[in-house]
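*Asks:* Before I ask anything, here is the structure I am working with.
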Amino acid sequence: MTAIRVLIAKPGLDGHDRGAKVIARALRDAGMEVIYTGLRQTPEMIAEAALQEDVDVVGLSILSGAHMALVPRIRQEMDSSGLQDVSLLVGGIIPDDDVKALHEMGVSAVFGPGTSTEDIVTHIRKLMDARQT
Amino acid sequence: MIELVEPIRAGDRRALARLLTAVENQREGVQAALTALYPSTGHAWVIGLTGAPGTGKSSLVTELAKAYRAQGETVAILAVDPTSPFTGGAILGDRIRMRELSGDKGVFIRSMATRGSLGGLARATRDGIRVLDAAGFDRVLVETVGAGQSEVDIVRAAYTTIVIEAPGLGDDVQAIKAGILEIADVLVVNKADRPGVDSTVRALRTMLELGHPASREQMVAHHGKSMVAEAPTTSNNHDFWLPPVIRTVATEGEGINELVAAIEAHRQYLTQADRMHQLEQQHLQMELVDRVRDELVKQLFAVLPAETLRDVVNQVQSRSLDPQTAVNQLLAFQQVNVAK
Numbered sequence: 382m383t384a385i386r387v388l389i390a391k392p393g394l395d396g397h398d399r400g401a402k403v404i405a406r407a408l409r410d411a412g413m414e415v416i417y418t419g420l421r422q423t424p425e426m427i428a429e430a431a432l433q434e435d436v437d438v439v440g441l442s443i444l445s446g447a448h449m450a451l452v453p454r455i456r457q458e459m460d461s462s463g464l465q466d467v468s469l470l471v472g473g474i475i476p477d478d479d480v481k482a483l484h485e486m487g488v489s490a491v492f493g494p495g496t497s498t499e500d501i502v503t504h505i506r507k508l509m510d511a512r513q514t
Numbered sequence: 026m027i028e029l030v031e032p033i034r035a036g037d038r039r040a041l042a043r044l045l046t047a048v049e050n051q052r053e054g055v056q057a058a059l060t061a062l063y064p065s066t067g068h069a070w071v072i073g074l075t076g077a078p079g080t081g082k083s084s085l086v087t088e089l090a091k092a093y094r095a096q097g098e099t100v101a102i103l104a105v106d107p108t109s110p111f112t113g114g115a116i117l118g119d120r121i122r123m124r125e126l127s128g129d130k131g132v133f134i135r136s137m138a139t140r141g142s143l144g145g146l147a148r149a150t151r152d153g154i155r156v157l158d159a160a161g162f163d164r165v166l167v168e169t170v171g172a173g174q175s176e177v178d179i180v181r182a183a184y185t186t187i188v189i190e191a192p193g194l195g196d197d198v199q200a201i202k203a204g205i206l207e208i209a210d211v212l213v214v215n216k217a218d219r220p221g222v223d224s225t226v227r228a229l230r231t232m233l234e235l236g237h238p239a240s241r242e243q244m245v246a247h248h249g250k251s252m253v254a255e256a257p258t259t260s261n262n263h264d265f266w267l268p269p270v271i272r273t274v275a276t277e278g279e280g281i282n283e284l285v286a287a288i289e290a291h292r293q294y295l296t297q298a299d300r301m302h303q304l305e306q307q308h309l310q311m312e313l314v315d316r317v318r319d320e321l322v323k324q325l326f327a328v329l330p331a332e333t334l335r336d337v338v339n340q341v342q343s344r345s346l347d348p349q350t351a352v353n354q355l356l357a358f359q360q361v362n363v364a365k
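Those protein sequences? They're chains A and B, same order as listed.
For this note's numbering, count along the first sequence from 1 and bump the result up by 381.
For this note's numbering, count along the second sequence from 1 and bump the result up by 25.
Written out as structure tokens, the structure reads:
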């Protein structure tokens, strides 16, 4: 029996984890195994947790506005740990101009306020299907 | 999967994580890797920790891991959390409390969901422990929620089992569920700075002493005709191990040295005489019986057509067959087909 494993992490200093918890629960309800790491994770901590847990997807919740500084560092840490094939999703308040830049950094999707949890579940399932073929 | 074996021996954490996933998924080809690693197992001291939700298991595991790291030992943690029976998903949140351990390359933490297939968890846990053992970790800590039989099965893979209680989790006797005390080698009352800790410790001691062979012997000695024995109530010098009750406040690091010492004393006790050898023999026998049972069930249902099963169920429902006779018929079906 195989389950999709997702790491949900909150990098940086903002302490609002309600969104991250809502997402964690929605993914659990969609039959996924969600590793929730809590607040104030450094890029190194996130990459190491993703490696140890052998997750398929890393979801970052960032509300501090520091996404342009944090995301490239996390992607870089993950790549240098050999996790190039692990998808990165970002949720939070991200200006439109930044969304494009994040995609270019290797983020597979950006989910802003008002995204339905179903959209996120569907996106992850599609990622997994694409990987298998 | 066999290609992961050499990197794991060389300390490659990514290869280790990948094989653990394969073990969990019981993926094709994983057995070859497990077979190759098996001769390298038997080095790690495996410690099982269980207790009701909210007793502070993850915090205690973190403190224990820190103490072992301070002694220069490497630590692997297997944190098991329940899978939702309705959705098949799980939220594994033990890492939140283990934040202090991240960044230390001498620690490897893996979260595992119970998933809930027939005997699947016990098997995945045992294999997971072996992989971590073969990877060279000195201590393997297995943390589970103490709620049912499957958790008891998991701690049966451990050499030292720690049962964690906390004050104020309801009625004292209720807290000490039947069966959970029997598996404890060390009892911990965590959150010992909370009110009610004395009565929790007292209740545990009483239950332990009543239920323990060493204390029964003392009672006979005390109440018998001769009344010669003046045995101390908690003595571990004899042939029996009487589990100590340790008070801790994990969030403050209090009582951790005492807990480490108690685990060490238990290890010493087991390594004396022939005990460790016997314990491992018992564990292996239980494991083999489990695996044979799982394998037979799998083989039977691989050859048994669904309509045969449905037919037999209908016969039992209509009272033309009783359940045990039905089982015999199903087993006979397998014997015939395997013989072919």
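Idealized CB from N, CA, C, for every residue including glycine.
Just so you know, these numbers come straight off a predicted model, no measurement behind them.
Restricting to Cα atoms, I'd like to know which of A:Thr503, A:Gly495, A:Ser468, A:Leu420 is closest to Met486 of chain A.
*Replies:* In the first sequence, residue 486 of chain A corresponds to position 105, counting from 1. When only C-alpha atoms are compared, the closest one is A:Ser468.
*Asks:* Roughly how many angstroms lie between the CA atoms of Ser260 of chain B and Val341 of chain B, to the nearest whole one?
*Replies:* By 1-based counting over the second sequence, the position of residue 260 of chain B is 235. By 1-based counting over the second sequence, the position of residue 341 of chain B is 316. For Ser260 of chain B, the pLDDT reaches just 46, beneath the cut-off of 50, and the residue's location in the model is therefore unreliable, leaving the point undetermined.
*Asks:* Can the beta-carbon of Glu414 of chain A be found closer than 8 Å to that of Arg456 of chain A?
*Replies:* Working through the first sequence from its first residue, we reach residue 414 of chain A at position 33. Working through the first sequence from its first residue, we reach residue 456 of chain A at position 75. Cβ atoms of Glu414 of chain A and Arg456 of chain A: not closer than 8 Å.
*Asks:* Using the Cα positions of Gly278 of chain B and Glu88 of chain B, report the straight-line distance between them to the nearest angstrom.
*Replies:* Residue mapping note: residue 278 of chain B aligns to position 253 of the second sequence, counting from 1. Residue mapping note: residue 88 of chain B aligns to position 63 of the second sequence, counting from 1. One C-alpha to the other measures close to 6 Å.
*Asks:* Using DSSP's beta-bridge definition, name the partner residues of Leu74 of chain B.
*Replies:* Position 49 of the second sequence, counting from 1, holds the residue named residue 74 of chain B. As DSSP reads the structure, Leu74 of chain B sits in a beta bridge with B:Glu168, B:Ile187.
*Asks:* Pop quiz: Thr80 of chain B and Asn215 of chain B are said to be a contact at Cβ under 8 Å. What is the actual Cβ separation, rounded to whole angstroms?
*Replies:* Residue numbering aside, residue 80 of chain B sits at position 55 when the second sequence is read from its first letter. Residue numbering aside, residue 215 of chain B sits at position 190 when the second sequence is read from its first letter. Yes, Thr80 of chain B and Asn215 of chain B are in contact; Cβ-Cβ is about 6 Å, under 8 Å.
*Asks:* Taking 8 Å as the cut-off, decide whether the C-beta atoms of Gly473 of chain A and Ser442 of chain A are in contact.
*Replies:* Position 92 of the first sequence, counting from 1, holds the residue named residue 473 of chain A. Position 61 of the first sequence, counting from 1, holds the residue named residue 442 of chain A. In terms of Cβ geometry, Gly473 of chain A and Ser442 of chain A form a close pair [threshold 8 Å].
*Asks:* What are the residues that DSSP puts in a beta bridge with Ser515 of chain A?
*Replies:* Since the first residue of chain A shown is 382 and the last is 514, residue 515 of chain A is not available in this structure.
*Asks:* Return no unless some Cβ of chain B is closer than 8 Å to the Cβ of Glu458 of chain A.
*Replies:* Mapped onto the first sequence, residue 458 of chain A falls at position 77. The Cβ of Glu458 of chain A sits no closer than 8 Å to any Cβ of chain B.
*Asks:* Can you check whether the C-beta of Leu117 of chain B is within less than 8 Å of a C-beta belonging to chain A?
*Replies:* Locating residue 117 of chain B in the second sequence gives position 92, counting from the first residue. At a cut-off of 8 Å between beta carbons, Leu117 of chain B contacts chain A.
*Asks:* Pro453 of chain A by DSSP, collapsed to three states: which one?
*Replies:* The sequence position of residue 453 of chain A within the first sequence is 72, counting from 1. DSSP places Pro453 of chain A in helix when its eight states are reduced to three.
*Asks:* Can you pull the DSSP bridge partners for Arg135 of chain B?
*Replies:* Here residue 135 of chain B is taken as the residue at index 110 of the second sequence, counted from 1. Note: Arg135 of chain B sits in a beta bridge opposite B:Leu103.
*Asks:* 8 Å is my cut-off, CB to CB: does Val415 of chain A come that close to chain B?
*Replies:* Here residue 415 of chain A refers to the residue found at position 34 of the first sequence. In terms of beta-carbon proximity, Val415 of chain A lines the interface with chain B, with at least one pair separated by less than 8 Å.
*Asks:* Of all the residues that make up the segment 306 to 330 of chain B, which are near chain A by a beta-carbon distance shorter than 9 Å?
*Replies:* none
*Asks:* With a threshold of 8 Å between beta-carbons, can Met509 of chain A be considered close to chain B, or not?
*Replies:* Your numbering for residue 509 of chain A matches position 128 in the first sequence. Not a single CB atom of chain B sits nearer than 8 Å to the CB of Met509 of chain A.
*Asks:* If Val338 of chain B and Leu355 of chain B are in contact, beta carbons under 8 Å, what's the gap, nearest whole angstrom?
*Replies:* Numbered from 1 along the second sequence, position 313 holds the residue referred to as residue 338 of chain B. Numbered from 1 along the second sequence, position 330 holds the residue referred to as residue 355 of chain B. In fact, because the Cβ distance is near 10 Å, the residues do not count as touching under 8 Å.
*Asks:* Is the separation between the beta-carbon of Ala390 of chain A and that of Ile427 of chain A shorter than 8 Å?
*Replies:* Position 9 of the first sequence holds residue 390 of chain A. Position 46 of the first sequence holds residue 427 of chain A. Cβ distance < 8 Å, so Ala390 of chain A and Ile427 of chain A count as in contact.
*Asks:* Contact criterion: CB-CB distance below 8 Å. Does Asp410 of chain A meet it with respect to chain B?
*Replies:* For the purposes of this step, residue 410 of chain A is taken as the residue at position 29 of the first sequence. Chain B contact via Cβ: present.
*Asks:* Using a Cβ-Cβ cut-off of 8 Å, state whether Leu394 of chain A counts as contacting chain B.
*Replies:* For this step, residue 394 of chain A is matched to residue 13 along the first sequence. No, its Cβ sits nowhere closer than 8 Å to a Cβ of chain B.
*Asks:* Would you grab the beta carbon distance between Thr169 of chain B and Val105 of chain B for me? Rounded to a whole angstrom, and I think it's under 8 Å.
*Replies:* Within the second sequence, the letter at position 144 stands for residue 169 of chain B. Within the second sequence, the letter at position 80 stands for residue 105 of chain B. With a Cβ gap of about 4 Å, Thr169 of chain B and Val105 of chain B count as contacting.
*Asks:* Taking contact to mean 3 or more Cβ pairs, one atom from each stretch, closer than 8 Å, check whether the segment 156 to 167 of chain B and the segment 55 to 74 of chain B are in contact.
*Replies:* Yes, they touch.
*Asks:* Can you have a look at Pro269 of chain B and say buried or exposed, based on whether 16 or more other CB atoms are within 10 angstroms of its CB?
*Replies:* Within the second sequence, residue 269 of chain B is the residue found at index 244, counting from 1. The residue is buried, with at least 16 neighbouring Cβ atoms inside 10 Å.
*Asks:* Any contact of the segment 108 to 122 of chain B with the segment 490 to 506 of chain A, i.e. 3+ C-beta pairs under 8 Å?
*Replies:* no
*Asks:* Give a yes or no on whether 8 Å exceeds the smallest Cβ distance from Glu499 of chain A to chain B.
*Replies:* Reading the first sequence from its first residue, position 118 is the one you call residue 499 of chain A. With respect to chain B, the C-beta atom of Glu499 of chain A has no partner C-beta closer than 8 Å.
*Asks:* Measuring straight from C-alpha to C-alpha, what distance separates Ala447 of chain A and Pro476 of chain A?
*Replies:* Position 66 of the first sequence holds residue 447 of chain A. Position 95 of the first sequence holds residue 476 of chain A. Between Ala447 of chain A and Pro476 of chain A, the C-alpha separation is close to 11 Å.
*Asks:* Can you confirm whether Gln433 of chain A, when its beta carbon is compared against all beta carbons of chain B, has any partner nearer than 8 Å?
*Replies:* Within the first sequence, numbered from 1, the residue matching residue 433 of chain A stands at position 52. Cβ-Cβ to chain B under 8 Å: yes for Gln433 of chain A.
*Asks:* Spatial neighbours of Asp347 of chain B within its chain, please: CB distance less than 8 Å, with the 5 preceding and 5 following residues excluded, ordered by chain position.
*Replies:* For the purposes of this step, residue 347 of chain B is taken as the residue at position 322 of the second sequence. Counting only residues of its own chain and dropping the five nearest sequence neighbours on each side, Asp347 of chain B has a CB closer than 8 Å to the CB of Val341.
*Asks:* Using the Cα positions of Gln349 of chain B and Gln307 of chain B, report the straight-line distance between them to the nearest angstrom.
*Replies:* Numbered from 1 along the second sequence, position 324 holds the residue referred to as residue 349 of chain B. Numbered from 1 along the second sequence, position 282 holds the residue referred to as residue 307 of chain B. Looking at the backbone, the Cα of Gln349 of chain B and that of Gln307 of chain B are separated by about 30 Å.
*Asks:* Can you tell me whether DSSP reads Pro348 of chain B as helix, strand or coil?
*Replies:* For the purposes of this step, residue 348 of chain B is identified with residue 323 of the second sequence, where counting begins at 1. The answer is helix: DSSP assigns Pro348 of chain B an H, G or I state.
*Asks:* Quick one: using the 10 Å Cβ neighbour count with 16 as the cut-off for buried, is Phe326 of chain B buried or exposed?
*Replies:* Sequence index remark: in the second sequence, residue 326 of chain B carries index 301 (1-based). It counts as exposed.
*Asks:* Could you check which residue in B:Arg122, B:Pro78, B:Val180 has the C-alpha nearest to that of Val86 of chain B?
*Replies:* The residue you call residue 86 of chain B lines up with position 61 of the second sequence. Among B:Arg122, B:Pro78, B:Val180, the Cα nearest to that of Val86 of chain B is on B:Arg122.
*Asks:* Of the choices A:Glu434, A:Gly412, A:Gly440, A:Phe492, whose alpha-carbon is the least far from that of Arg39 of chain B?
*Replies:* Reading the second sequence from its first residue, position 14 is the one you call residue 39 of chain B. Closest by alpha carbon: A:Glu434.
*Asks:* On a CA-only basis, which of B:Gly114, B:Ile116, B:Arg120 is nearest Ile102 of chain B? Give me that one, please.
*Replies:* As a working note, residue 102 of chain B is residue 77 in the second sequence. Minimum Cα distance to Ile102 of chain B is reached at B:Arg120.
*Asks:* So which of B:Lys130, B:Val177, B:Gly171, B:Gly128 has the shortest CA-CA distance to Arg151 of chain B?
*Replies:* Here residue 151 of chain B corresponds to residue number 126 of the second sequence, with the count starting at 1. Looking at the Cα atoms, B:Val177 is the closest of the given residues.
*Asks:* Closer than 7 Å by beta-carbon distance: list the chain A residues that pair up with Thr273 of chain B, in chain order.
*Replies:* Within the second sequence, residue 273 of chain B is the residue found at index 248, counting from 1. Per Cβ cutoff of 7 Å: no residues; Thr273 of chain B is ~22 Å from chain A at best.
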